[in-house]
Structure formats: structure tokens, C-alpha cells
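Here's the structure we're looking at; comments come further down.
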Amino acid sequence: MGKFWSIFFIFWSIVAVVAVAISPAMGWWFPTAAESPLGEQIDDLFFLILYITTITFIGTQVAMGYVLWRGATNTDDRAEFSHGSHSLEVIWTIVPAFILLFIALYQIPVWEQFRIQSHFPQDAVNSPIAEVTARQFEWRIRYPAPGRVFKGKSDIERWLKQPEPGDLYTVNDLHVPSNKPVLIHLRSGDVQHSFFIPDLRVKQDAVPGMVIPVWFEASRSKAYEWVCAELCGWGHYKMKARVVAESDEDFKNYLHELELEQFDDGVPELADSSAAGEEEVSE
Amino acid sequence: MSTTHPTHLDSVVGDAHHAEHHHELSFIKKYVFSTDHKMIGIQFLITTLLMLMVGGALALGVRWQLAFRWSTMPIVGEWLFSGEGGQISPEFYTMLFTMHATVMIFLVIIPILAGAFGNFLIPLMIGADDMAFPVLNMLSYWFMWPAILCFAFALGLGPESITGVIGGMNAGSAQGWTSYPVLSAIAESAPGSQMAQTWWLLAVTFVGFSSMMGSINYMTTIINMRAPGLTLFRMPLTIWAMFITAILQAFALPVLTAAGFMLVADRVLGTCFFIPSGVIVNNADPTTGGGQPLLWQHLFWFYSHPAVYIMLLPAMGMVSDMLSVMCRKPVFGYKPMVYSLAAIAGLGFIVWGHHMFTSGMNPALGMTFMISTMMIALPSAIKTFNWIGTIWGGKPQFNAVFLNCVAFVSLFVVGGLSGIFMAAVPVDIYFHDTYFIVAHFHYVLFGATLFGVFGAIQFWFPKMFGRMMNDTLGQIHFVLTFIGMNCTFFPMHMLGIAGMPRRYADPYLHPYLEHLLPMNQFMTISAMVMGFAQFILLFNFVYSIFCGEKCGRNPWNANTLEWTAPSPPGHGNFDIPPVCYRGPYEYSSPLAVDKDYLPQSEYIPRKPGEKPGDGQH
Amino acid sequence: MSHAPAASHTPLKMGIPIPNSKLGMWLFLGTEIMFFTAFIGTYIVCRLGSPGWPTDTAVTHISIIAGGFNTFVLLTSSFFVVKAHEAMVDKRFQKANQFLWGTFLLGFVFLGIKSYEYKGKWDHDILPHHIPETDAQAVQKGLRLLNDTSQAELTALTASLDDDAEREKPPEREERQATVQAEIAAQPESPERLARLNAYNAFSSQLALLKDAAQREALTLHDFEHELETMQANEQYGSLIAHIHAPHPIKYGNLFASIYFLITGFHAIHVIVGLTLFVFVLKQGSRLNSAWTDWVENSGLYWHFVDLVWIFLFPLIYII
Amino acid sequence: MSDNHNSHVNYLAVFIALCVFTGISVLTDLVHIPNKAVLAVIVLAVASAKALCVMAFFMHLKFEGRWKYVLLAPTTILAIGLPLALLPDVGVHYYMIDVPQVEAGETETSHSSPSAEDADKHGDSHSSEHEAAETHH
Ligand code: HEA
Ligand code: HEA
Ligand code: CUA
Ligand SMILES: [Cu+2]
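In the order they appear, the protein sequences are chains A, B, C and D. So for the first sequence, this note's numbering puts the first residue at 516; every next one is plus one. So for the second sequence, this note's numbering puts the first residue at 648; every next one is plus one. So for the third sequence, this note's numbering puts the first residue at 295; every next one is plus one. So for the fourth sequence, this note's numbering puts the first residue at 35; every next one is plus one.
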């Protein structure tokens, strides 16, 4: 029986490794390879850790299988009488310590880029694309009026505190220019939500009472799926939205169309204050 | 003074009446409001096993929806949702996983480890006649019941007029077991945020009181009531683990209790600790306040991260003991094992922020938490390698106890290694709140802890009831559970990598997740197999209480003190007060001549000319 | 590790040389420290994170004198406990009994002063969820107060009607008002009641104007104060609303009140628990004997801890 | 047990010391120290001294064995560590926070009683003077 069980335990770990190995081919893997520079770094880090942990996993399981097998075939009278080994303890403390310390230090730059504000791409910081407010169960988007130029940090803060005439509003459909870092300001109108775009590997909780800047860069022009990743009530699963990354030109056109739509029927004096106001005569 | 222990007593069965004579206790005193730690331990064990069924049934509800979304649940569906035509509702789904986790964590894992095994084993293994505070001990069990009642109310059971939960189970508590405000603080935010959430918080407070009383009792008992000669470094690892767990509880739990009071106050007294101002939830009036939701997350995880180790350390200790007995070999590296337990506990206090990497916490703080989280893998590594070292060169008996222990180690490694991915902050940006997390914690909680518990039940059952559990049934239960568990939870890693968020009633609404439906169906079927397997455990347990093979004092030929007491021990535990002469793991010692073990209480007179100290560690 | 036979070396009792009960109490106090750490830590960080925290005692109605005196009361009671324990050890049980009574009574003095302070807060409506934090909220609250007064007056007027049937209040306010009007007008024999009704009518029409202005957002807090002053000076109905003060917005007032009541409330609960522990000893009266020494010591430890918490609460809440 | 030592303690002296400390705390309030930080340091130092007195003498810790360090050291570390760890997130704000009452105070004339204003570093002095003038017209 002992031999059977040794093989049983070895077998399960082989199945596990095989399952992971075939997963990409079976479609049980990342939805796509990361489509943002930061995401690529995250993926690299993921694979690095995957290799390290796979080796550790195989190592421990093989060791386990081996000692089990030896135990099952042990014909000695008695088990070995040993209370341990000091040098082994030292080895298996120091080796993992180095590996872990390495992983810990190696990842710091990626985290810095993603979250430390002084490492954010400054262009994106100076001209935020939009303010995104999560609500049960939708994402409300507010773009600054087309042509609105932010004069420094305090101007941005003013814009965040007070809606301005000329701001453009939509729901569940965020358009951003592709191939350059963009920054949104994330807030929540009611409970906690989380801004998650799987293909871009970005995720940031929207916390009531806080305005959190999030930057990302889409390296392809396409519509990305955008979901909510923090439990926000019964409709949590259906906060379905999309982020459309498109060329600069398309983005401009999009904003323009949005503007037309929004100021189409009335309140001309509001539209006046926006730079592109005069074009409305075409209607 | 009786020094050598009468091992021939092994053949004497059921000599418990020795102590029973002077205490003819009434039925109520003996089986219900008992102050005897063994009875309390068994009460805890049976209660938690029942709760395991409840938690498992809720889990199967979760799995049902994920595999066969919005379709009528078998058996219970018609009855639960007569209104919706038997169909599950999203509110109900959120309630399901919330209560599943709550029941599993607060009513199963924590009380089964500390309450059941802690209670039963501590006095026996340290050679004491009972706990330091038996009445407190009894109260700690009976505080579970108000908690269970409140959880039932939180689930939406119970008459509306009493509970105030309008809407039955669709209005059951549904904030996730983490209960993040503002969702959990403002009644308008979800159906489950109304009265049910207040009951939930109350229940957690009751569980907290129960654990608190237990932990103070355990600490006092272990510090002050050890048998003569049982120095700290002669204590079995189970006792060390229980001790350190109790310390974790004592320091971490009050913070959760305090935070729970604050949240209750926010809900019913109009305070605003966690509620910022100007929030308009579901068309309610804007809030007035100035509090911060992140504060709850910090306070909650300050408890709940140590709590995950509270849910693991005792199992680690028990597995170390069981492996040593089953392999007939001393634990490899006893002291490193003790120090790593302590290190896990110590580090466990400074890593809580790893649950908040994407929460909008200060990134510098996040970095600190990342480094400490990485470091906590170290003591775990030491333990893992020492377990393997313990098996190495042993003569293992491949019975159900041993298999469960090996599964513990094997699966703990998987769960631990997936923790490393999430400890890396950038990777956690992607993995946070996806099924990768769900995979991680089911591997550590189910794969490690529960397998440890299954082993421990099988191992100490003879001491509890004087009869052995059936080993064949045990092995069948083991295989089914092991396969079912891996088939259910291993694919969750892939779901996580595919970006499937957790707590989703219907993930397939999103095109990028549609193709994962078949895999989820496979997992659900595996979960059912695993659930079915638990009936074998149940049957084995009940059957063996009445019809198991009778056993003597020391059926496993083990060293620790509890095996010198009668099976089951009478009131006051030991007929011969034990004295301890050595550490607990002297298996296959050359000093033991006619047997391969050397009980802690067995005195070996020194042969002339022998150096002092040989063998009597 | 001990190598020799038990007879010579093995100690009979392992562990530390204090009784279980005392060890348990100390461990319990360790958990209590963490409990209050969560509260006090919350207070400190919220305070630091909220610029403009209310500190002015005129706004918060915190009385340093009351707090200082309470500190003194608790210190004295702690001193009495320790003397009581000393007396217990010396087997002077009567003495111990007296000291314990001292402690017990001082505990009540503490609670008395505390409730006096609470009352002060209550009277000024410094309660969580009651405090306006912006001008607009202050106006809203002022209007609410006026409205409440108007309602109460209407109810009183209804009650003053002697006809039982009329006293049953119709559901709608307007209807009720109409009934009362008609009823009183039909009773010219009681002129003071008629005057009261007229006053009420004048008041409620003025109030309606104010509400209307607030609805149009044309009522600043300053205007409101002014209006209130004028109304209070009105001889017809001024006395009705004389007791109303214009509410002031207090930035972070709600968080302040939340924390104040939570922390001091839980401290007070601990005081009550401590007093309960003493009741068991005091019940012994002249039967007090050395069996109770441990009890006195342990409940004393608990009491000192309660004192200790207050020692930190006093500067944190009252002074800083 | 340690009781034999206790009889040497002059509890009255300790008590008087504690009262004096309390007096100092109250005094610091009366003399109006303008700098809040200095005030906080002083009164907290006094409080810690008082706490030490109570623990050492009233709670007899001075006479207990080494276990007191084993118990109290970790407790103290955790008790200080928890607020410290909360500080970077709740005590200071790395991201902009959205606090209507403060914003309202900045745009409208905040009306709190004048003496509250000096404690309120963020209220701007212009508006408070302006408003004080208005209320007294
Ligand atoms: C028993 C319970 C238990 C245990 C023991 C652990 C152990 C660990 N956990 Fe886990 N965790 C949970 C229960 C547990 N966890 C739960 C319930 C949640 C989710 C809560 C929720 O959100 O609902 C969670 C969530 C969670 C998160 C948050 C994820 C998120 O929400 O974004 C993180 C992030 O760092 C994490 C990390 C770790 C780490 C690093 C360990 C380490 O302690 C693991 C260490 C062990 C090993 C690493 C394996 C053995 C070591 C070797 C074989 C040596 C060699 C290894 C290397 C060189 C790499 N856990
Ligand atoms: C100790 C803890 C523990 C244990 C043992 C389990 C056990 C199981 N868990 Fe759970 N789980 C958690 C702790 C645990 N879980 C936590 C903390 C969460 C997070 C919740 C949150 O997000 O807030 C979670 C969440 C969670 C989810 C994610 C839900 C979501 O995010 O949407 C899922 C999904 O599959 C799941 C499944 C299961 C399954 C199939 C089991 C199985 O292993 C259960 C098998 C056992 C049985 C089945 C018991 C035997 C039952 C019987 C013998 C009776 C049978 C009765 C009938 C058939 C009616 N769990
Ligand atoms: Cu929004 Cu989940
Ligand atoms: Cu954790």
C-alpha cells in the first residue's frame, strides 16, 4: 500500500504541473498577453514567480515522494533516530531567504511606476483624461471640456471639486487615446468599487471619499472589457463597461461627437464657454 | 512514587471509573453544561462538524449558480424561491458566499482548531487535570450558540418580527465575510445591509467573546499547569502551536471586536467612523460624516490576517505530532519548528496590508507590507522542509491519519506558493479579487487545515471515545476528498489567471469569461463528489462512537502524556499523575529496548557508567 | 534540560510563581489594552487626518475641570483599592471593607460626573449624526428646530380643546390646523386661546416663508440667524422660540462626537464592570476573609487598568 | 507571591505624586501653550509618567518577576505599532480626499465661533475676520 500512496502523491503533482502546462493552449490562461507596457512588466514578473514556484513545487513534491517511497520500502527494524540537522536547517533557511528577498526587491520598480505619484508619467498627470465615478452599478464618466487646458495641480483639483460647464458626460464607455499614458481620476459616489481592465492589468479600488489617480497605457487600439472587482452589492457582477483605446484623432472626433450630442438641444450659453462651441451651427 | 509507567495497562479497557466514583454528575452537568474540558472539546467538535455541513451546503449553492446559472437548484430550489420560480437571485448569491465564508471561518475552522482540539488536547498533553478556568471554558462553548443564532438571523432565517430581516434569505447578510463599509455601514446600500448585517456583526462579536475566553484560558493553562518536568522545550508542537495561536487571538481579536462595535455604532447609533460625508447611496439622504472606509480595512485585517494563521498554526502543530508518531521518528528540527511557529505569529502581525494593495492605501505602506509578506514565507519554508525531514528515514504507517498529514503538507505548499504571487504587489494588481485568491485560500484553508483536522480526528478519536475509527473508511474518505478538492480548487488558479473576478453571480455575462463555463461545471461536479465524501466521514464518526473497535490507553504507541491516561479519560484525566522526563519525540530511540517509543513519563534508571543525559532529552 | 531523576530535580509546579487567577487577569488586561488601542488609535489618526478638528471647548462643550476632577476621583479610588488589598494581606478585613466602600462610592461619583458631562452634550445636541458641518446643514437644522416647535405648539393647541372628538388628530397637518382654527374661532369666550392661535398662525406663516427661501437656496446661514433674531424679538410669538439657538456648523463635529461617546462610553462600561466586581466583595460585609484576597487583588488590577485608560483619555480628549 | 514586598511601598506618596501630575496636566491647559505639538508632548509625557507610577506601584509590577516583560513588551509594541501603521493612510492623505464640509468651509464663509478659528489652521483668516465684522454689525 505504501508504494501505491507514494505514487499517488507524485502522480497528483504531475497532473498539476501538466494542467498548468497545457492551460495556455486550452484557453485557460490570460485573456490576452498584456497590452500595456506596465502590464508586460507585470506578466514578466508573473512568469518569473511562476518558474520559481514551479521549481519549488516540483522540488518539494519530489522530495516528498522520495521520502514516502523510501519509507514504504524501509526494511530496517527501526526508523532512523535523528533529531534534525543543523546545517540542513541553515541551508533551507538561507536559500529561500535569498530567493524571496530577490523577488521582493526586483518588483519594487514596477510598483513605483504604478502607484507612486512622483513616478507617474507627467504628461498624463498634467492633463487627466477623465473623472470616473463608480456607482451602483455603473461607471459615470466626466471628460473636461474639449480644449480645456489645466493650469497646474490646483486647477485640476478645482475641476475635480466642481463640475464645470462644458464638461462631457457618458456612462460605461470610456474613450482614451492609445499608445500613450493616460490618467483618470477615480472616485466613488456610493460604496466601494474597483476599476479593473483585465487586458491592461490595471486594477484600482474606488473608495468613497477619496479621489485616486490611475494611469495606464493601451498599446493597441481596441475596445477593452472593463469590470468591477470589488464587491459593491447584488449587482456587482453586472457593472459591465468598456474602455475604447483609439488613435488621437479618433479620440478627438469621439469627444466632438459627444459634445454635439450633449449640447444639441439647448443651453447654448453653456456650450459657448467651451472652445469648440461655434461648430454647433452645423446642426 | 510511581515512576515507570504501567504500559501493560494498554490492555485494560475503560478503566475510567476510577475518577467517576466520587463525581456522580447529572446528565445535564455531564453532557450539556459540562465544565470538563474533554466534554467541552467534544461538544465543540460535534458542533463544528455540523457547521461544516452547513458551510458546505452553502458552498454547493455557490457552485451550483456558477455552473448552472439562474437555473432551479435541486432539492431546495423550489422551496427557497417559490416566488422567483425556483430561480436563484443575485442577492441570494451574494448572501450565499458571504455566509459560506462566515460559517466556515467563524463556526468551523477557528472553533474546531482552538475550541475542539485545543480544549481536548491542552490539559491532556501537558498532564493537567483540567483547564485553569473550567467555568470560563464552559462559557466559551456556550457563547457559540448565541453566535450561531445570530448568524442564522443574518442568513435570513427566523421570524421577521423578531429578526427584523425583511425579505428572508434574499435579504441575508451579503457584504462578503470582509464586510467592507460603506456597503456594510449604510442600510440602503443592499438588501443584505439592513438588519441582517447588524446580526452578522453581533454574531462575530459573540464568536469573538468565545475565542477570547478560550485563549486566555489556554495561555494560563499552558503557562502554569504543566506536569512536573514538562519544561517549555519538552512541550509537544501541538501545545506550542495552541499556545502561540492563543497569543495571536489575544492580541488581534480585541481590535476586531472594537472595529465591530464601531461598525455597529455606525449602523444603529448614527456615528460615522467609516462613513465619509456626502455619499448618496441608492437615493438615500447624503451622509454627514468624516470617517474613512480604509480605517475598517486596516482594523479588520489587523485581526483577520493573524486569523488566517490562527486557522493554520494548530493544524501545523498537530500534523507535526502525527507525522512523528506515524513515522516512528523524532520530529526533524524540533526547535526550528518552535521558532518558526513563533516567527509566523510575529510576522503575521505586520503583513495585514497585503489584502489592501489595490485599496488606495499609501503606496509606501504597501511596499513595507509587501516585504514583510515575502518574509513570512521563510518560516513556512522551514516548517515544510522539516516535515519532509520527519518522514525521511522513517517507517511510515500508511493509514488514514498519515495520508491526511501528507496531503496537508503537499497542499499547503500549493496554497503557500500561490500566496507568493499575490505577495508581489504588481502581480496582485492583476490577481486581487480574482479566483486566484479563492484558489489560494481554499488550498491553505481546506487543503492544509481541514486535512490536518481530518487526520487529527482520526488520530485522537480513540482518546475521545475509547474506540478506533475505521481506517478503511478513513482512507476512502481521504481519496475522495483529496481528488474532489484538487479538481474543485486547482482550476480556480486558471480562472484567476483568466481574470475571472470573485463574488460574481454571473461571470459569463462578460464575453472574455464565457468560455470558462465548462470548466466551472467540472469544478461543481467535483465539489459535489467532495461534499458526498464528507458523509463517509460523518458515518465513520458516528458508527465508530458506538461500534468502533475498542482500544487501550495507547493505541498508536505514542509518547505524549495524553496516551498515559485512560481512553477515554475520566474526570480529572489522569489516574496516575504524570511526571515528565523527556521531550515528546523519542521514537526509535536506542534507549527504548523492547519497544520503539519512549513515553515522556517513563523513567529510565541510569545504568552505571552511563553519561547523564543520554536519551532523556 | 533536566537529566536527573524526578525525585531530586523535577520541580513540582511548572510555570511562573503567581496564581492562575492573577495570570489570567494580566493576560486579560493585555487583551484590553489592544481593545482600547483600536479606539485610541482610531481617535489619534482621525484627528490628525481631519484638518479643522473642533478643539474649542465652547464648541465641543468639553469641561477640563470636570475631566480633571474625574481623573482625581479615579486616582483616589485606585489608591483606596491598593490600600484595601494591603489590608487584606494584613488580614485587617474591616479596614479593607472600608477602603473598598470608598472605591465603590468614588466609582459612582465618577459615573455621576460623566453623566453630567453627557447631559451637557445632550443639551447642546453634540451628538453623532446631529451636528451640522456646513452652513447649509446648519440652516436645515435650524429650520428643523423651528418646525418641531411649530408642530409641538399645534399639538398643544389641539390638546387644549376640550372636545374629546376633536382631540383625535386628523392625519394631515393642514387638516389638523384647519380643525383647530375653526374650533377656536367658534369659541370666542376664551380670548387668550385665540391670541395663542393667532400667534401660532403668524409664526407658521413666517416659517413657511423661511422654508421657501431655503428651498430656493436663497437663505444663507447669516440670513437665517438674522431672521431668527427678528422672530425671537417678535412680541406675538417670540417667546415660543426663545429657547432656540441658531445652530453653528462644526467641521468634523460628527466624527468628534462619535469618537468622544464611543471611547468614554466604553470606558464607562468598564467602570461599571469594575464596580460589579466589587459588589461581590462588599456583599461579604463582616464575613470578609482571606479567601477573598485574590479576588480583591485581581479586581484591583482591573480597576487600576480602568484608571490607566482614563489617565490617557484625559489628556487626549480634554487637553490636546 | 510578592506581597511581602508591597508593605514597604508608601502608597500615599505615590498617590500624591499622581495628583501632582494631574495638576500639571490641568495647568498646561490653563497656561495656553500655542503650539499644539508641544502641548501634546508635554501632556502625554505626564500621562505616561502617571501610567508608569500606577503600573509599577499600584499594580505591583515593580515587584513581579520577569514575566511582566514577556507580557508587556509585545503588548506595548503592538499598541504603539497599530496607530503608527494607520497613520500613513488615515492620519495623512496620500491622495486627494473628498470632504464636502471642508470644501464648503473654504468657499462659503465658515461660521464657527471666532475662538474656534485660531485652532483651525486651515480656515482662512480673511473669511473669519470678514464674518466676525458681519456678525457684530
Ligand atoms: C490558513 C490560511 C492562510 C494562510 C496560511 C495564508 C498564507 C499566505 N497568504 Fe493568504 N489568504 C488567506 C488565507 C491564508 N493565507 C485568505 C483567507 C485570503 C483571502 C481573504 C479574502 O480576501 O477573502 C488570503 C489572501 C492573501 C492575499 C491577498 C490577496 C488579495 O486579496 O489581493 C495575499 C497577498 O499577499 C496572501 C498572501 C499569503 C502569503 C504570502 C502566505 C504565506 O504565509 C505562505 C507561505 C508558504 C509558502 C510559501 C509555502 C512553503 C514554502 C516553501 C516550500 C519554501 C520555498 C518557497 C519559495 C522560495 C517561494 N494571502
Ligand atoms: C475554511 C474555510 C473554507 C472552506 C472549508 C471552504 C470550502 C469550500 N468553498 Fe469556500 N470560501 C471561503 C472559505 C472556505 N471555503 C471563504 C473565506 C470564501 C470567501 C468568501 C467571500 O468572498 O467573502 C470562500 C468563497 C468560495 C467561493 C467563491 C465565491 C465567490 O467569490 O463568488 C467558492 C466558489 O466556488 C467556494 C467554494 C467552496 C467549496 C466548493 C468548498 C468545499 O470544499 C466544501 C466541501 C464541503 C462540503 C460540501 C461539506 C459537506 C457537506 C455535507 C456532507 C452536506 C451536504 C449537503 C448537501 C448536499 C445539501 N468558496
Ligand atoms: Cu461595483 Cu462591484
Ligand atoms: Cu493575509
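Each residue gets a CB set at the ideal place from its N, CA and C atoms; glycine is no exception.
C-beta contact flag for residue i and residue j at 8 Å
i               : j               : result
V915 (chain B)  : T810 (chain B)  : no
L746 (chain A)  : Q822 (chain B)  : yes
M746 (chain B)  : L830 (chain B)  : no
I1076 (chain B) : F1004 (chain B) : yes
F1059 (chain B) : G1094 (chain B) : yes
Per DSSP, cross-strand counterpart(s) of residue i
i              : result
F711 (chain A) : A:K718 and A:V742
T685 (chain A) : A:I656
V60 (chain D)  : None, per the DSSP bridge assignment.
I727 (chain A) : A:L701
H690 (chain A) : A:V759
V955 (chain B) : In the DSSP output, where bridge partners are listed per residue, V955 (chain B) has none listed.
T648 (chain A) : A:R655 and A:R702
Neighbouring residues, chain A, relative to residue i (Cβ below 7 Å)
i               : result
D132 (chain D)  : R702, G724, M725 and V726
S1273 (chain B) : Residue 1273 (chain B) is absent from the structure shown; chain B starts at 648 and stops at 1264.
Q841 (chain B)  : Under the 7 Å cutoff, chain A gives no residues; its nearest Cβ is about 12 Å from Q841 (chain B).
Residues that residue i contacts on chain B, provided the C-beta gap is smaller than 9 Å
i              : result
S427 (chain C) : Just to set this straight, residue 427 (chain C) is Glu in the shown sequence, not Ser. Result: S924, T935, G936 and G937.
Q431 (chain C) : T935
Contact with chain D by residue i, beta-carbon distance below 8 Å
i               : result
L675 (chain A)  : yes
K545 (chain C)  : yes
N929 (chain B)  : no
F1169 (chain B) : no
T473 (chain C)  : no
P422 (chain C)  : no
Closer than 8 Å at the beta carbon, the chain D residues around residue i
i               : result
K377 (chain C)  : Y45
L1012 (chain B) : A119, P122 and D123
Residues that residue i contacts on chain B, provided the C-beta gap is smaller than 8 Å
i              : result
E745 (chain A) : Y827 and D1080
L116 (chain D) : V902 and F949
P611 (chain A) : A1024, L1025 and A1028
G324 (chain C) : A897 and F898
Per-residue contacts from residue i into chain C (C-beta, under 9 Å)
i              : result
F780 (chain B) : N314, S315 and G318
F920 (chain B) : T336, C340, L549, S552, I553 and L556
Cβ of residue i within 8 Å of any chain B Cβ
i              : result
F526 (chain A) : no
L321 (chain C) : yes
Chain A within 8 Å of residue i, Cβ atoms only
i               : result
H669 (chain B)  : Model confidence at H669 (chain B) stands at a pLDDT of 49, short of 50, so the residue's coordinates are unreliable; what they give is reported in the following sentence. False, the Cβ-Cβ gap to chain A never drops below 8 Å.
S836 (chain B)  : yes
Y1077 (chain B) : yes
Chain-ordered neighbours of residue i on chain D, where CB pairs are closer than 9 Å
i              : result
E672 (chain A) : M130
Contacts that residue i makes with chain D (C-beta to C-beta distance below 7 Å)
i              : result
I327 (chain C) : T109 and A113
8 Å Cβ cutoff, residue i in contact with chain C
i             : result
F97 (chain D) : no
Partners in chain A for residue i, counting only beta-carbon separations shorter than 8 Å
i              : result
V709 (chain B) : Correct list: empty, because the minimum Cβ distance to chain A is about 13 Å.
- Count the C-beta pairs between the segment 1015 to 1022 of chain B and the segment 923 to 941 of chain B that are closer than 8 Å, then say yes if the count reaches three, no if not. No contact exists between the segment 1015 to 1022 of chain B and the segment 923 to 941 of chain B.
- Indicate whether the contact test is met: 3 or more Cβ pairs, each with one atom in the segment 311 to 324 of chain C and one in the segment 773 to 784 of chain B, closer than 8 Å. yes
- Task: Pair every Cβ in the segment 697 to 706 of chain A with every Cβ in the segment 906 to 920 of chain B, then say whether three or more of these pairs are closer than 8 Å.
- Result: no
- Message: When you compare the segment 855 to 866 of chain B with the segment 931 to 945 of chain B, are there three or more beta-carbon pairs, one atom per stretch, that lie closer than 8 Å?
- Response: no
- Task: Taking 8 Å as the threshold, find out whether the segment 565 to 582 of chain C comes into contact with the segment 591 to 603 of chain C through three or more Cβ pairs.
- Result: yes
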